[in-house]
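**Q**
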Amino acid sequence: MKKILLLGDSIRMNYQERVIECLKGKAEVRHPPTNCCFSKYTLRFINNWLKLFEGEKPDIIHWNNGIWDTTTISERVPALTNLGEYVDTMTDIYREMRAFAPEAKIIFATTTPLGDRAGTQKRRDRIAQYNSVIVPVLRDEYGCDIDDLYSFVLPHINEYLAEDTVHLSDLGKEKVGEEVARFLEQYL
9 MKKILLLGDS IRMNYQERVI ECLKGKAEVR HPPTNCCFSK YTLRFINNWL KLFEGEKPDI
69 IHWNNGIWDT TTISERVPAL TNLGEYVDTM TDIYREMRAF APEAKIIFAT TTPLGDRAGT
129 QKRRDRIAQY NSVIVPVLRD EYGCDIDDLY SFVLPHINEY LAEDTVHLSD LGKEKVGEEV
189 ARFLEQYL
């Protein structure tokens, strides 16, 4: 049975249980017990999380960072992580994963959009911008497969996002989890 490692922020935490349910008997799915937060935090702990299969390496890694990185701090600091730092850190994360598990299929899941709420449009635009920059870098320069969760959620933001317009609603947890499982099944 293939070993799948799910890495990512609270959005990953929202859908991980549904992925596990959908892939039961098809794959062994593990994930960190904690939120992987922003990209530099993930980079700091990536080598711990890669060892979650206790001596074995994951066959598939499904990973995301972005919601935290695009967080607006103030008018002076429009994002926690500027775009250049984001690209550099994400490629560092990819290289660490590749070095640890040279045979693994590594999949980047695009950052999901924010819902409609006052003040979210600028950040939603920033998320789209970060996705549009990191996807070709990871896909074209590193051969990383892309699970486009941004495009999957966008037409359904009012149904798939919770009242906070960031996290997944109960329906969103179910639908996004099923979509991630469906995407992962092609590698099993």
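The end of the sequence shown is residue 196 by the numbering used here, with every number in the run present.
Each residue gets a CB set at the ideal place from its N, CA and C atoms; glycine is no exception.
Bear in mind the structure is a predicted one, so any value in this text is a computation, not a measurement.
Do you know how far the Cα of THR173 is from the Cα of GLN194?
**A** In this structure, the CA atom of GLN194 is about 30 Å from the CA atom of THR173.
**Q** Can you give the Cα-Cα distance for GLU187 and PRO40, rounded to whole angstroms?
**A** Distance between the alpha carbons of GLU187 and PRO40: 20 Å.
**Q** So, do the segment 45-57 and the segment 19-37 have three or more beta carbon pairs nearer to each other than 8 Å?
**A** no
**Q** Under the three-state reduction of DSSP, which class applies to LYS34: helix, strand or coil?
**A** coil
**Q** Does the distance from the CB of THR97 to the CB of ASP155 come in under 9 Å?
**A** no
**Q** With 16 other CB atoms within 10 Å as the buried threshold, where does ARG26 fall?
**A** buried
**Q** Who pairs with HIS70 in a beta bridge, going by DSSP?
**A** LEU14, ILE115
**Q** Return the first residue and the last residue of the alpha helix (DSSP H) that ILE54 is part of.
**A** 47-57
**Q** Is the number of C-beta pairs between the segment 56-75 and the segment 103-112 that are closer than 8 Å three or more?
**A** yes
**Q** Pairs of beta-carbons, one from the segment 135-155 and one from the segment 165-180, closer than 8 Å: are there three or more?
**A** no
**Q** Go to ASP96, then tell me how far its alpha helix (DSSP H) extends in each direction, as first and last residue.
**A** 91-108
**Q** Relative to the C-alpha of ARG131, which candidate in ILE12, ALA112, GLY16, ALA87 has its C-alpha closest?
**A** ALA87
**Q** Can you tell me where the alpha helix (DSSP H) holding ILE165 begins and where it ends?
**A** 165-168
**Q** Which residue comes first and which comes last in the alpha helix (DSSP H) that contains ILE154?
**A** For ILE154, no alpha helix (DSSP H) segment is defined; the enclosing uninterrupted segment is the beta strand (DSSP E) at 153-155.
**Q** How would you label SER159, buried or exposed, when you count the other beta carbons within 10 angstroms and need 16 or more for buried?
**A** exposed
**Q** Taking C-beta to C-beta, are VAL143 and VAL161 nearer than 9 Å?
**A** no
**Q** Tell me the DSSP secondary structure of LEU60 in three-state form.
**A** Look at LEU60 here: in three-state DSSP terms it is coil, with no helix or strand label.
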